[in-house]
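In full-length UniProt numbering, the protein residues as written are 1 to 561.
Backbone N, C-alpha and C fix where the C-beta goes; we use that ideal spot for every residue, glycine too.
These numbers were taken from a predicted model, which means no experiment stands behind them.
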Amino acid sequence: MWSSRRIVGETVAALATAAVAGVGASGSGMAGVVLGATSAAGLCVLRRALPASALVAACGLAGVWGGFWLLMPLVGWSAGGRVPAARRVIAAFVVAYALHAAPAVEPWRGTPDPQTLLLLTVGFATTTVLPGLVSRYRAQRRTLLVALHEHNEQLLREREMIAAHWRLRERQRIAEDMHDSLGHRLALITVQTGALEVDSGLSGDQRDRVRMLREAAAEAMRELREAVGVLHEDGVGVPAQSSGPAARGSAGIGALVADARQAGAAVELHRTGETRALEPAADHTAYRIVQEALTNALKHAPGAAVTVELRYEPDALVAEVADGGPPAPVPVGGCAAVSGGQGLTGLRERARLVGGLLHAGPTEGGGFRVAGILPYGSAPHHVTPEGEAGDGGGRALQGAAGPPRVPDGGAEAEHGWPAAGTGTGPVDWHAPQRRQRELATAMGRSWRGVALGCGTAAVCAGVLLGFGVWALREWDSSLVSPSDYAAIEVGADEAAVRDGLPDGSLLVTDVAGAEPPRPAGTECLVRASTEQPDDADLVALYRFCFADGVLVAKDAYTTEW
Numbered sequence: 001m002w003s004s005r006r007i008v009g010e011t012v013a014a015l016a017t018a019a020v021a022g023v024g025a026s027g028s029g030m031a032g033v034v035l036g037a038t039s040a041a042g043l044c045v046l047r048r049a050l051p052a053s054a055l056v057a058a059c060g061l062a063g064v065w066g067g068f069w070l071l072m073p074l075v076g077w078s079a080g081g082r083v084p085a086a087r088r089v090i091a092a093f094v095v096a097y098a099l100h101a102a103p104a105v106e107p108w109r110g111t112p113d114p115q116t117l118l119l120l121t122v123g124f125a126t127t128t129v130l131p132g133l134v135s136r137y138r139a140q141r142r143t144l145l146v147a148l149h150e151h152n153e154q155l156l157r158e159r160e161m162i163a164a165h166w167r168l169r170e171r172q173r174i175a176e177d178m179h180d181s182l183g184h185r186l187a188l189i190t191v192q193t194g195a196l197e198v199d200s201g202l203s204g205d206q207r208d209r210v211r212m213l214r215e216a217a218a219e220a221m222r223e224l225r226e227a228v229g230v231l232h233e234d235g236v237g238v239p240a241q242s243s244g245p246a247a248r249g250s251a252g253i254g255a256l257v258a259d260a261r262q263a264g265a266a267v268e269l270h271r272t273g274e275t276r277a278l279e280p281a282a283d284h285t286a287y288r289i290v291q292e293a294l295t296n297a298l299k300h301a302p303g304a305a306v307t308v309e310l311r312y313e314p315d316a317l318v319a320e321v322a323d324g325g326p327p328a329p330v331p332v333g334g335c336a337a338v339s340g341g342q343g344l345t346g347l348r349e350r351a352r353l354v355g356g357l358l359h360a361g362p363t364e365g366g367g368f369r370v371a372g373i374l375p376y377g378s379a380p381h382h383v384t385p386e387g388e389a390g391d392g393g394g395r396a397l398q399g400a401a402g403p404p405r406v407p408d409g410g411a412e413a414e415h416g417w418p419a420a421g422t423g424t425g426p427v428d429w430h431a432p433q434r435r436q437r438e439l440a441t442a443m444g445r446s447w448r449g450v451a452l453g454c455g456t457a458a459v460c461a462g463v464l465l466g467f468g469v470w471a472l473r474e475w476d477s478s479l480v481s482p483s484d485y486a487a488i489e490v491g492a493d494e495a496a497v498r499d500g501l502p503d504g505s506l507l508v509t510d511v512a513g514a515e516p517p518r519p520a521g522t523e524c525l526v527r528a529s530t531e532q533p534d535d536a537d538l539v540a541l542y543r544f545c546f547a548d549g550v551l552v553a554k555d556a557y558t559t560e561w
């Protein structure tokens with residue numbers, strides 16, 4: 001469908017060409033005016049669908065009716081940009097030139113006038129060939145840019161697939177390491193605490209603490225299995241369901257506080273505001289913030305009072321955990337808490353992915369405070385173009401709700417890479433080769449277009465140069481000196497006078513019409529003088545008129561070119 005702008009432009013072009021063609025055909029009567037205007041408007045409209053045919057027809061009609069000159073640049077532009085094959089373009093322009101020049105040259109009446117042929121050639125090259133060359137270069141440049149753009153998009157998709165492939169390999173390695181090392185040690189803790197729990201030498205309080213330790217180790221094993229299942233390439237990216245719907249959300253924070261109290265920590269939980277539901281990803285993030293903050297407080301400030309506060313604001317949930325004092329000194333023989341500093345970094349990333357933020361830092365009293373602000377509504381899952389989400393670069397492969405999703409394995413089985421799960425659509429594995437071919441074709445067309453344009457310019461330059469050399473020689477051969485003019489007497493034999501005069505007369509043909517009146521019944525020759533006026537607009541000529549085989553009159557005069 002054409003846009004309104006194009007419709008207006010085509011309408012204006014058709015009306016303008018019709019008006020000019022009608023005026024140019026006014027000498028042929030009303031029928032000629034109607035036929036010329038209708039033909040010009042029709043060819044202007046058809047030049048997009050049938051560019052070569054419109055070019056040939058318009059140039060042929062322009063040779064008969066001069067009013068079609070306005071249509072020639074339009075059909076030349078359309079033919080140059082819309083005919084794909086270079087041979088067809090050249091053939092169309094050659095045929096168009098032949099039809100355009102045929103009525104003016106009239107070869108069946110004798111030798112074509114070189115001056116007229118030159119003017120036709122230059123005019124056709126300027127009004128028709130030049131717009132066609134510009135249009136063809138523009139079309140080839142547009143094709144080249146499209147091919148480069150599509151090739152660049154394919155490279156970006158391949159880069160994303162490679163990044164996804166290496167992320168999957170890294171996830172596989174992490175899953176294996178966690179299963180082999182951490183899983184083994186947690187299993188030992190569970191077995192040893194289970195054996196210690198049934199020891200008859202423990203008091204009731206000690207047995208409760210051992211039971212809590214065993215349950216914590218068992219819960220850690222379950223969470224480890226979930227993480228390993230997500231990281232493993234055979235997973236589907238969805239965490240396993242826990243024992244309760246609230247176990248990993250804000251509703252499970254109370255259980256975290258209760259576990260911390262049973263471990264001997266002084267923890268208080270405060271809830272303010274009207275409880276509102278969060279998106280699953282934000283709800284899980286709130287749980288992880290409180291869990292990590294409580295773990296840090298127990299490790300780095302054992303014995304300090306800890307406050308957990310959940311504030312339901314109008315637009316977001318604020319989950320805050322703060323301990324009330326400096327950490328207690330490490331007992332003799334004990335070991336300092338080990339921290340890699342990665343927990344808070346991961347929490348900041350979780351909060352960012354759901355559209356929230358996390359603040360962590362010391363308080364004035366020497367304690368430490370962690371606060372997360374999590375919106376109620378869903379947040380965009382996108383990341384920056386360079387992969388600032390910490391997933392190793394490229395577009396993120398996960399949503400806000402959890403770990404990355406493993407793509408389908410069909411492409412991986414065939415090519416060794418995973419199918420792209422980046423939302424870019426189906427992967428065309430033959431696209432790189434096709435893009436390379438299209439790019440090479442576009443480059444070849446571009447070079448052929450340049451060669452065609454340079455060749456056409458060289459031909460035109462050669463024609464102009466050749467005509468200039470010929471015209472210069474013709475001019476020299478047509479000059480008559482004043483002494484020769486004076487030596488020719490009236491009454492001399494016509495044959496002798498003609499033999500003594502130069503042959504060339506082309507360049508004075510058009511100015512001969514400004515000569516003085518000719519004697520009746522005579523045939524005259526006009527030659528230029530070797531002595532010309534200083535004014536470049538004037539030319540000095542000699543005229544010799546013959547009748548009945550003798551020279552009856554000769555005249556010397558000056559006229560304008």
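Check: Could you give the DSSP three-state label for VAL198: helix, strand or coil?; Outcome: coil
Check: Which class does ARG159 belong to by DSSP, given the choice of helix, strand or coil?; Outcome: helix
Check: Quick check on LEU130: buried or exposed, where buried means 16 or more other Cβ atoms within 10 Å of its Cβ?; Outcome: buried
Check: Going straight from the alpha carbon of ARG171 to that of ALA258, what length do you get?; Outcome: 34 Å
Check: Using the C-alpha atoms, what's the distance from TRP2 back to LEU278?; Outcome: 49 Å
Check: Please name the residue in GLY229, ALA263, ALA187 whose C-alpha comes closest to that of ARG207.; Outcome: ALA263
Check: Quick check: the Cα distance between ILE189 and VAL318, rounded to an integer number of angstroms?; Outcome: 35 Å
Check: From the DSSP secondary-structure annotation, give me the bridge partner or partners of GLU523.; Outcome: PHE546
Check: With H, G and I counted as helix, E and B as strand and the rest as coil, what does DSSP make of GLY361?; Outcome: strand
Check: Looking at the secondary structure, which residues open and close the alpha helix (DSSP H) in which ILE373 lies?; Outcome: No alpha helix (DSSP H) contains ILE373, which is instead part of the beta strand (DSSP E) from 368-375.
Check: So, at 6 Å on beta carbons, what are the nonlocal neighbours of THR307 in its own chain, with the 5 sequence-adjacent residues on each side left out?; Outcome: GLU268, ALA322
Check: Check the C-beta distance from TYR312 over to THR363 and give it rounded, since I have them as a contact under 8 Å.; Outcome: That pair is no contact at about 23 Å.
Check: For ALA54, is the classification buried or exposed, using 16 other Cβ atoms within 10 angstroms of its Cβ as the cut-off for buried?; Outcome: buried
Check: I need the straight-line Cα distance from ALA52 to VAL89, nearest angstrom please.; Outcome: 7 Å
Check: Rounded C-beta distance between ARG136 and GLY80? I'm assuming under 8 Å.; Outcome: 4 Å
Check: Within 10 angstroms of the Cβ of ARG498, are there 16 or more other Cβ atoms? Answer buried if so, exposed if not.; Outcome: exposed
Check: Where DSSP assigns a beta bridge to ASP555, which residues make up the other side?; Outcome: ARG543
Check: Would you call GLU414 buried or exposed, if buried means 16 or more other Cβ atoms sit within 10 Å of its Cβ?; Outcome: Any reading at GLU414 needs caution, since the residue's pLDDT is 36, under 50, leaving its predicted position unreliable; the model's value is listed next. GLU414 is exposed by the Cβ-count criterion.
Check: Does DSSP put THR272 in a helix, a strand or coil?; Outcome: strand
Check: How far does the beta strand (DSSP E) with VAL308 in it reach, from first residue to last?; Outcome: 306-312
Check: Within the chosen definition, does the region 349-357 reach the region 278-289 through at least 3 CB pairs nearer than 8 Å?; Outcome: yes
Check: With distances taken from CA atoms, which of GLY366, TRP69, ALA139, ALA316 is nearest GLY372?; Outcome: ALA316
Check: Taking the Cβ atom as the reference point for each residue, do LEU71 and ALA101 lie within a distance shorter than 8 Å?; Outcome: no
Check: Pull up the distance between the alpha-carbon of ALA496 and that of ALA40, whole angstroms please.; Outcome: 55 Å
Check: Across which residues does DSSP place ALA322 in a beta bridge pair?; Outcome: THR307, ARG369
Check: Answer with buried or exposed for TRP166, where buried requires no fewer than 16 other C-beta atoms within 10 angstroms of its C-beta.; Outcome: exposed
Check: Below 8 Å on the Cβ atoms is my contact criterion, and I expect GLU292 with GLY343 to pass it. Report the Cβ-Cβ distance as a whole number of Å.; Outcome: 5 Å
Check: When burial is assigned at 16 or more other CB atoms within 10 Å of the CB, is residue 578 buried or exposed?; Outcome: Residue 578 lies beyond the range of the chain shown here (1 to 561); nothing can be said about it.
Check: Rounded to a whole number of angstroms, what is the C-alpha to C-alpha distance between ALA28 and LEU501?; Outcome: The amino acid occupying residue 28 in the given sequence is Ser; Ala does not appear at that position. Computed Cα separation, rounded: 43 Å.
Check: May I have the straight-line CA-CA distance separating VAL56 from THR143, to the nearest angstrom?; Outcome: 26 Å
Check: List the DSSP bridge partners of SER529.; Outcome: VAL480
Check: What residue from TYR97, ARG138, VAL134 has the CA that sits closest to LEU118's CA?; Outcome: TYR97
Check: Considering only residues of the same chain and omitting the five flanking positions on each side of LEU15, which have a CB-CB separation below 6 Å?; Outcome: none
Check: Based on the DSSP secondary-structure assignment, which residues constitute the bridge partners of VAL267?; Outcome: VAL306
Check: If you check the beta carbons only, do VAL480 and THR522 fall under 8 Å apart?; Outcome: no
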